[in-house]
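Residue numbers (the working numbering), protein chains in the order written: chain G, 3 to 273; chain V, 3 to 273. So the structure is just underneath, and the comments pick up after that.
Below, the structure is given as structure tokens:
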């Protein structure tokens, strides 16, 4: 089910700037029935992205109504909201009077094996590295070729995610989730000031764990963590069982975050 | 006029990966009547981009037929060819069996004042800098937010282009054209191994001027050039009259390249 600018349709102009240049933003929102526990955070990030890309901010109430409409028939939905700068003249210059394109589409939530939450997932280290671009770091824009290339590095179904570094040997995130590590008893997550996406699930974890440090995380340091887990608005808190040949076990901080995720209203990941 | 996968239509699926992730490539081709003087170079770059993004290469003959169809009614057209990885499941992983989306759209060529070719254009220095990403440098992919941000820095109609540097103080290009400089009597153009687009017009200039050097070009060095010009498949050879307050005059190398452009078959820029 999909709405484009409030109309039931499944296509957009082939001249949309979202397609021509990736000129836009998106959010991927996990629903729990008719609720979206992280809704406010999604709307905050979307608004921040609009400021960064100098696009008019959307109306959250209108978006919420459309999210409800498209997901009404799905008991367990993921809704993607895409905002683009709309259509315009050919060329990079943003049109002076553009009307945004607003796509709200619902999908069935992915089936995630219970073992992933209980025992953790296997990951690999990607050779694709992320470029430093502070102008675009943090926001969830439509220029995602780095993530596509990183995810295309493997098709072994036993590998669920890939960790991605920047070009200085610092781990940034997984291809579609943020990363947390417990090192010397301290929870920390990589900075996303230069690259990476500031996930809404990441923000929820940071807020729930007041002592969480946000800083650069060299890969070598990351690999000696006592716990590693991923945060994702769609998949929740996923313990990391292995990065390549290095193995980990879900520990107390990971378990506490999984319990917190249930308290937020998500039900898919009872550990 | 527009063909999408060979059909006369002007829309694409709202789930196209070109829109979702910028997962694709494009070419912007200047026609001279029914001819495209730089066609072979466009097809070479498109094929190289497909290899880089691991997408199947298109059929150049099919594209050529479609370019002819969409531009037939326009005496002076610019045709944009866009190739995306098509639609797929939600998520970054490229679909195992994807059929590409192929958009071929014709536009009237832009009206460019004769004075631009005669006297040059005014440019500014953009504050937006380009990120180093060798995996994507050179190809003309759909992740163009850096160019959009750079082009959004000004709306003074007297400023035609903006020069963009990387994050190390090297000039790379204009927002939508490549840059050439004559320094100490030597023609040179910045390397696009780390960022920037390897323009087809740039390739034609390099081939025509055997002694052209391709290397890093510090901004400070660039600004003391005796000649500066831009190359663009759409706009041809544009002398740079000013970068901010620093002024230049079209010189003999620029004029020779403009004459060469006419020899290639382009008629729009008799200097």
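Even for Gly, the Cβ is constructed at its ideal location relative to N, Cα and C.
- When DSSP states are grouped into helix, strand and coil, residue 129(G) belongs to the strand group.
- Under the 8 Å criterion on CB atoms, residue 4(V) is classed as interfacial with respect to chain G.
- Taking a C-beta distance under 8 Å as the contact criterion, residue 142(G) and residue 28(G) qualify as a contact pair.
- Distance from the CA atom of residue 133(G) to the CA atom of residue 118(G), rounded to whole angstroms, is 30 Å.
- A contact is defined here as three or more CB-CB pairs under 8 Å, and the region 105 to 113 of chain G fails this definition with respect to the region 39 to 54 of chain G.
- In this structure the region 160 to 168 of chain G does not touch the region 151 to 159 of chain V; the number of beta carbon pairs closer than 8 Å is below three.
- Of the other Cβ atoms in all chains shown, fewer than 16 fall within 10 Å of the Cβ of residue 209(V); this residue is therefore exposed.
- Per DSSP, the unbroken alpha helix (DSSP H) holding residue 116(V) starts and ends at 116 to 121.
- In chain order, 171, 172 place their CB closer than 7 Å to the CB of residue 220(V), counting only its own chain and leaving out the 5 sequence neighbours on each side.
- Here DSSP, grouped into helix, strand and coil, assigns residue 26(G) to strand.
- For the region 107 to 131 of chain V, residues whose beta-carbon sits nearer than 9 Å to a beta-carbon of chain G comprise 107, 109, 112, 130, 131.
- Residue contact with chain V for residue 78(G): absent (no Cβ-Cβ distance below 8 Å to any residue of chain V).
- Considering only beta carbons, no part of the region 233 to 262 of chain V lies closer than 7 Å to chain G.
- In the structure shown, the three-state DSSP call for residue 143(G) is strand.
- For residue 32(V), the nearest beta carbon of chain G is not closer than 8 Å to its own beta carbon.
- By the criterion of a C-beta distance shorter than 7 Å, residue 87(G) is surrounded in its chain by 19, 25, 26, 57, 96, 100, 102, once the five residues flanking it on both sides are discounted.
- Think of a sphere of 8 Å around the beta carbon of residue 181(V): no beta carbon from chain G falls inside it, the nearest being about 16 Å out.
- In this structure, the beta-carbon distance from residue 267(G) to residue 77(G) does not fall below 8 Å.
- Not one beta carbon of chain V lies nearer than 8 Å to the beta carbon of residue 65(G).
- Listed as beta-bridge partners of residue 167(V) by DSSP are 131(V), 173(V).
- Look at the region 13 to 44 of chain V: the residues with a C-beta under 9 Å from a C-beta of chain G are 13, 14, 15, 16, 17, 18, 19, 20, 21, 22, 23, 24, 25, 26, 28, 30.
- In the three-state scheme derived from DSSP, where H, G and I count as helix and E and B as strand, residue 229(V) is classed as strand.
- For residue 11(G), DSSP records no beta bridge to any residue.
- Listed in chain order, the non-local C-beta contacts of residue 226(V) below 8 Å within the same chain comprise 185, local neighbours out to five positions each way being set aside.
- When DSSP states are grouped into helix, strand and coil, residue 4(G) belongs to the strand group.
- Residue pairing of residue 238(G) in beta bridges, as defined by DSSP: 234(G).
- In terms of CA proximity to residue 34(G), 81(G) leads the group 60(G), 21(G), 81(G).
- Taking residue 55(V) as reference, the option from 166(G), 90(G), 54(G), 148(G) with the minimal CA-CA separation is 148(G).
- Within chain G, the residues 147 have their CB atoms less than 7 Å from the CB of residue 143(V), given in chain order.
- For the pair residue 69(V) and residue 145(G), the Cα-to-Cα distance works out to about 27 Å.
- Between the alpha carbons of residue 8(V) and residue 104(V) lies a gap of roughly 8 Å.
- Bridge partners of residue 37(G) according to DSSP: 34(G).
- Nearest CB-CB separation between residue 200(V) and chain G: not below the 8 Å threshold.
- Following the DSSP letters along the chain, one finds residue 205(V) in no beta strand (DSSP E) but inside the alpha helix (DSSP H) bounded by residues 202 to 210.
- Per DSSP, the beta-bridge partners of residue 105(V) are 6(V), 84(V).
- Here the alpha carbons of residue 84(V) and residue 52(V) stand approximately 12 Å from one another.
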